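The structure appears right after this line, and notes come after that.
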Amino acid sequence: MAAEKITKIRMEKEKMSWENNIRRVVPYVAGEQPQKQNVIKLNTNECPYPPAPEVEGVLRGFDCDTLRKYPDPDVQELREALAKRHGLDCGQVFVGVGSDDVLAMSFLTFFNSEKPVLFPDITYSFYDVWADLYKISYECPPLDENFQIRKEDYMKENGGIVLANPNAPTGVCEAPSFFEEILRKNPDSVVIVDEAYIDFGGESCVPLIERYENLLVVQTFSKSRSMAGMRIGYAMGSKKLIRFLNDVKFSFNSYTMNAVTIKAGVASVENEEYFKRITAKITATREYTKKRLAALDFVFPDSKTNFIFAAHQRVPAQELFDALRANEIYVRHWNKPRIADYLRISIGTDEEMETVLKFLENYLKGKQSANKKSSRNL
Ligand code: PMP
-14 MAAEKITKIR MEKEKMSWEN NIRRVVPYVA GEQPQKQNVI KLNTNECPYP
36 PAPEVEGVLR GFDCDTLRKY PDPDVQELRE ALAKRHGLDC GQVFVGVGSD
86 DVLAMSFLTF FNSEKPVLFP DITYSFYDVW ADLYKISYEC PPLDENFQIR
136 KEDYMKENGG IVLANPNAPT GVCEAPSFFE EILRKNPDSV VIVDEAYIDF
186 GGESCVPLIE RYENLLVVQT FSKSRSMAGM RIGYAMGSKK LIRFLNDVKF
236 SFNSYTMNAV TIKAGVASVE NEEYFKRITA KITATREYTK KRLAALDFVF
286 PDSKTNFIFA AHQRVPAQEL FDALRANEIY VRHWNKPRIA DYLRISIGTD
336 EEMETVLKFL ENYLKGKQSA NKKSSRNL
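Each residue of the sequence shown is one higher than the last, beginning at -14 in the working numbering.
Pasting the structure below:
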């Protein structure tokens, strides 16, 4: 057969292939979840302390007979508990399977313009994955040299805005007045503020909800409520925004929240004293860790989260990452432009942080004496 004919047949075949109809995506890469015991895991910003004791009570006492029935699709009980906690009406709260689920649903619901959605070049690396998944165009204005958001970049035409506050992985936090300026300039876009880490010393934008119908604030139980494994996230906004979000959810899956999770979530929200104690404890450990890291010649933007984004002034982050990992200490490192020099270190217990700091101290000392020796030999 002539080569030309073979090529034509091949092209026809390729055109017909089922593979041409695939939605091709590059998935988000979550932090490693080592299955080994006895590791120090500071790579996914989990809380090192258990959830409120009442959560365990719910799990132990759960009446399995109730599992015969579907859970409440409106998740009324948990939404009411959250509404009370934040001084809102139940109709202003939406819940989902972790804030990833809530954010994914929000991208699908609110970002349907031809104009690009805006989020910073350095931020939660799931935002561009959802945008690509839903074929939403986007632009990523760069953070300034101190990893701060330049608010002027969010005052041009856009199809929506999503900003993490505090930002991840930098830990940098802005005041609500900063977002209010952005909101004032953007009455025609939905502005999402992702407050996954707000409970560790930041000030929430929730009070702005009353004044800005287009503001959606997203929070999670995964960090400050020690319940990453339970998967609960929620959004707060005007009743109108929440209704649109519910319309999409109910067009997708009515029962995203299971019966056990709903009860456990309520138990957590009802123990405010425990929540305050745990977040204060992590905040204190973070402040202490900052001092020790600075003494070891690390530099970092001031963090208001349960992690520190730190770069050593002389030793490359990849080298430190490998050395820590070889000693069963897991932190996060991205080999990406602008942030390749940094390690994101989640805040663990005091004991865990002491082990990490001692390890870094010894490692850096070892390097210093090796350098001295080799310069003497020159
Ligand atoms: N937003 C930010 C900024 C995060 O870092 C995370 C955690 N990876 C999430 C949202 C999602 O958290 P979850 O789905 O566990 O609620």
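Glycine included, every Cβ here is placed at the ideal spot set by N, Cα and C. Here the structure is a predicted model, which means the values were calculated and not measured.
Item                                                                                                                                                                                          : Value
Take the Cβ of Leu52 as the centre, count every other Cβ of all protein chains shown within 10 Å, and call the residue buried at 16 or more, exposed below.                                   : exposed
Per DSSP, Leu200 forms a beta bridge with which residues?                                                                                                                                     : Val176
Kindly provide the chain-ordered list of residues whose Cβ lies closer than 6 Å to any non-hydrogen atom of ligand 1.                                                                         : Gly83, Ser84, Asp85, Tyr109, Ala149, Ala153, Asp179, Ala181, Thr205, Ser207, Ala213 and Gly218
Does the distance from the CB of Val202 to the CB of Leu63 come in under 8 Å?                                                                                                                 : no
Rounding to the nearest angstrom, what Cα-Cα distance links Ser223 and Ala280 in this structure?                                                                                              : 46 Å
Using a C-beta cutoff of 8 Å, does Lys357 count as contacting chain D?                                                                                                                        : The chain inventory of the structure shown lacks chain D, comprising one protein chain alone.
Give me, in chain order, the residues of the same chain whose beta-carbon lies closer than 7 Å to that of Val24; leave out the 5 immediate sequence neighbours on both sides.                 : Glu313 and Tyr315
Residues in the same chain with beta-carbon distance under 6 Å from Pro154, minus the five sequence neighbours each way, listed in chain order, please.                                       : Phe294 and Arg329
Within the continuous alpha helix (DSSP H) that includes Phe229, where are the two ends?                                                                                                      : Lys224 to Lys234
Assuming Phe185 contacts Lys275 (C-beta within less than 8 Å), just tell me the rounded distance between them.                                                                                : With a Cβ gap of about 13 Å, Phe185 and Lys275 do not count as contacting.
With distance defined between alpha-carbon atoms, name the residue in Ser2, Leu118 and Pro101 nearest to Tyr13.                                                                               : Leu118
Note down the Cα distance separating Glu41 from Ser211, rounded to an integer number of angstroms.                                                                                            : 12 Å
Terminal residues of the continuous alpha helix (DSSP H) containing Arg277?                                                                                                                   : Glu257 to Ala280
Taking a contact to mean a Cβ-Cβ separation below 8 Å, would you say Val178 touches Gly145 in this structure?                                                                                 : no
Please go through the same chain and pick out, in chain order, the residues whose beta-carbon is closer than 7 Å to the beta-carbon of Leu230, but skip the five residues on each side of it. : Phe79, Met90, Ser91, Thr94 and Ala220
Tell me, to the nearest whole angstrom, how far the beta carbon of Leu88 is from that of Pro105; I am working on the premise that it is less than 8 Å.                                        : Contact flag wrong, Cβ pair sits at about 15 Å.
Going along the chain, which residues of its own chain have a beta-carbon closer than 8 Å to the beta-carbon of Pro35, five neighbours each way excluded?                                     : Glu41 and Ser211
Looking only at its own chain, which residues have a Cβ that is under 8 Å from the Cβ of Met364, when we skip the five neighbours before and after it?                                        : This structure cannot speak to residue 364, because the chain is shown only from -14 to 363.
Could you tell me the alpha carbon to alpha carbon distance between Tyr109 and Lys321, rounded to whole angstroms?                                                                            : 13 Å
Between which residues of its own chain and Lys234 is the CB-CB distance below 7 Å, once the five residues before and five after are set aside?                                               : Met90 and Thr241
Excluding sequence positions up to five away, which residues of its chain have a Cβ less than 7 Å from the Cβ of Asp86?                                                                       : Gly218 and Thr241
Considering only the alpha carbon of each residue, which of Glu336, Glu346 and Phe260 lies closest to Arg277?                                                                                 : Glu346
Put Gly42 into one of helix, strand or coil per three-state DSSP.                                                                                                                             : helix
State the DSSP-derived secondary structure class of Lys100, mapped to helix, strand or coil.                                                                                                  : coil
Alpha carbon to alpha carbon, what distance is there between Ile332 and Asn238?                                                                                                               : 35 Å
Between Gly156, Thr340 and Leu309, which lies nearest to Ser324 when the distance is taken from Cα to Cα?                                                                                     : The question names Ser, yet the displayed sequence has Ile at residue 324. Nearest option by C-alpha distance: Gly156.
Buried or exposed: Tyr55, going by 16 or more other Cβ atoms within 10 Å of its Cβ?                                                                                                           : exposed
I think Val191 touches Val147, with their Cβ atoms under 8 Å apart; what is that distance to the nearest whole Å?                                                                             : In fact, because the Cβ distance is near 17 Å, the residues do not count as touching under 8 Å.
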